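Let me begin by presenting the structure, written as C-alpha cells, before commenting on it.
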Amino acid sequence: MNSIYDCERADLAHSLSPSYRSTQIFKSIYQRWLEDFEQMTDLPKAERTRFAAEFEIHLPEIHRRFDSADGTRRYLIRLDDRELAETVFLPEEHRSTICISSQIGCALACSFCLTGLMGLTRNLSAGEIVTQVLVAQRGNLSEEFRDSFNIVLMGMGEPLHNYDNVMKAIRILHDPEGLNMSMSRMTLSTAGLLPGIERLAQEDDIPNLAISLTGATNEKRDALMPINRKYPIEEILEAVKRFPLRHRQRVTFEYVLLKGVTDSPDDARTLVHLLAGMPAKVNLIPFNEAEELQYRRPSEFTISKFQKILQEGHIDAFVRRNRGNDISAACGQLKRKWAEVLE
Ligand code: SAH
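Put into C-alpha cells, the structure is as follows:
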C-alpha cells in the first residue's frame, strides 16, 4: 500500500475534490498527529474509507531505542522490508535536533566513517525520511515544545545521492499546512557531490547547506574521502561561492579532527586560506573512535589549538561535542549491528 507520508499536498490535491481536502488531511496528520483516517471527522465518511483503502498511515515501528547518559536517543526504525533506518534525537533546552538518515548504508566509503564501511543497501523513500522526524518528535517533545527542533540530514547516507526523495521529504516537512519547518531549520550535509550541490542551488526552497570537508588539501582529502578524486576541493568551493544564501546565512564546513592526519597547525592554516572571505563557519568534529577504524581522536589541547588558529584567521569555528557516544549515536557511528538485524 502507498504511504500517506510519501505524498506532497499537491499529490493529494490531484485525486481530491474539492482540493482543500488535501489541506485538511495534512493538518490532521502533521498538526493533530492523527494516525487513523476514521478520526478525520472533518472529511466525509466516503473519503475516509477511500483513503483508508489506498494509503498506509501508521508510523513505522520502533525496533529499538538506545538512551544515552547525556539524554541523546538513537532509534532503529523498522521499515516495510525489515531494513532499519537510524535516527538520533539530541535534546536541547531551547531547540532540540533531530538527525535523520537518507539511505541505508552509504556508497561513498569515507575511511573514517562507520557507515562508509557498510556500503550502500538502498535509498530511503521520501515517506521513510519524513516518518523518522515524526517518530523522534512525537517520542520526545511535549505539547508546549512540539515544534522546537531543527532537522539535520547527517545520519546514515549521502543525501545528494538520493536527491529526489530527499528533496521531496524536505518539501513535505516544509509545507505550511503540515509540519511547517522553515528552510532555515533544516540542514543538508553532503560529502561534496558537486552535481547535487549545483542542482540544489536551482531549487525554489533551499535548506541550509553543510559540506563535510575534513581534508584541507586534495592530497589529504583524496585519501580520506574517495569522492574528492571526482570532485576536488576547488570545484566544491567554487560551487559554494555561487550557492544562493539568505540574509545572514552561512555555509557550514564540517571538519573531522583525526589525530596526526588532519589536526596539525599547518592543516588549520591551510583551512583558513581556503575559507578566507567566504560566508562560512566551521564545525570541528573530534573523531569518534570505533574498533573497526584505525584513526584516533586528538587531545583537547590539540583541538583547542586548531580552533584558535581558525579564529585568529577570522573564521568562526565551533567544536562539536560528541554526544551519544555511549550508545553509538555520535557522528559517523551509525551502523546497524548484525545482531540487531537478526533479532
Ligand atoms: N554523507 C553526508 C552525511 C553524513 S553526516 C556527509 O558526509 O556530510 C556525518 C558527518 O559525520 C560528516 O560530516 C562526517 O564527516 C562526520 N563523521 C563521519 N565519521 C565520523 C567519525 N568517526 N567521527 C566524527 N565525525 C565523523
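Adding 432 to a residue's 1-based position in the sequence shown gives its number in the working numbering.
The beta carbon of each residue, even a glycine, is placed where N, CA and C say it ideally should be.
Computed from a predicted structure; not experimentally measured.
Check, Outcome
"Is M618 helix, strand or coil by DSSP?", "strand"
"Using a Cβ-Cβ cutoff of less than 7 Å, which residues in the same chain neighbour I602 once the five nearest sequence positions on both sides are dropped?", "M618, P639"
"Pair every Cβ in the stretch 590-598 with every Cβ in the stretch 484-491, then say whether three or more of these pairs are closer than 8 Å.", "no"
"Looking only at DSSP bridge pairs, what is N720 linked to?", "In the DSSP output, where bridge partners are listed per residue, N720 has none listed."
"Please classify A708: is it buried, with 16 or more other beta-carbons within 10 angstroms of its beta-carbon, or exposed?", "exposed"
"I'd like the list of long-range same chain contacts for L448, defined as Cβ closer than 7 Å, with 5 residues on each side in sequence excluded.", "S454"
"Is M618 near ligand 1, with its Cβ less than 7 Å from a heavy atom?", "no"
"Under the criterion of a Cβ to heavy atom distance below 7 Å, does C538 qualify as lining ligand 1?", "yes"
"How close, in whole Å, do the beta carbons of Q535 and L556 come, if the pair is a contact with beta carbons under 8 Å?", "6 Å"
"Could you check the C-alpha separation between N434 and P608 for me, to the nearest Å?", "23 Å"
"Only counting the same chain, and skipping five residues up and downstream in sequence, which positions put a Cβ closer than 7 Å to that of C439?", "none"
"Based on Cα-Cα distance, which residue from C542, R514, L656 lies nearest to G551?", "C542"
"Below 8 Å, how does it come out for the stretch 461-478 and the stretch 499-516: are there three or more Cβ pairs, yes or no?", "no"
"In chain order, what residues of the same chain lie with their CB nearer than 7 Å to the CB of Q739, ignoring the 5 residues before and after it?", "L716, A749, V751"
"Taking the alpha helix (DSSP H) that Q569 falls in, what are its first and last residues?", "558-572"
"Return the chain-ordered ranges of every beta strand (DSSP E) run that is complete within the stretch 471-513 and spans a minimum of 3 residues.", "493-499, 505-510"
"With Q535 as the anchor, note down where its beta strand (DSSP E) starts and where it stops.", "535-537"
"DSSP three-state call for K737: helix, strand or coil?", "helix"
"In the DSSP assignment, find the alpha helix (DSSP H) that holds L444 and state where it starts and stops.", "441-446"
"Counting only the same chain and skipping the five closest in sequence on each side, list residues whose C-beta sits under 8 Å from that of L625.", "E590, L592, H593, I659, Y663"
"Helix or strand or just coil, what does DSSP make of D596?", "helix"
"Considering only the alpha carbon of each residue, which of V520, V565, A485, N720 lies closest to G764?", "N720"
"With a threshold of 7 Å (Cβ to nearest heavy atom), would N720 be considered close to ligand 1?", "yes"
"Once DSSP output is grouped into helix, strand and coil, what is the label at Y663?", "coil"
"Whole beta strand (DSSP E) runs in the stretch 669-721 with 3 or more residues, listed along the chain?", "683-689, 712-718"
"Which class does I455 belong to by DSSP, given the choice of helix, strand or coil?", "Looking at the sequence provided, one finds Thr at residue 455 rather than Ile. In the structure shown, T455 sits in a helix (DSSP, three-state: H, G or I)."
"Take the Cβ of A771 as the centre, count every other Cβ of all protein chains shown within 10 Å, and call the residue buried at 16 or more, exposed below.", "Only weak support exists for where A771 lies, its pLDDT of 45 falling under 50; the value from the coordinates is given anyway. Classification of A771: exposed, given that the 10 Å Cβ count is below 16."
"What are the partner residues of L585, as DSSP defines its beta bridges?", "L620"
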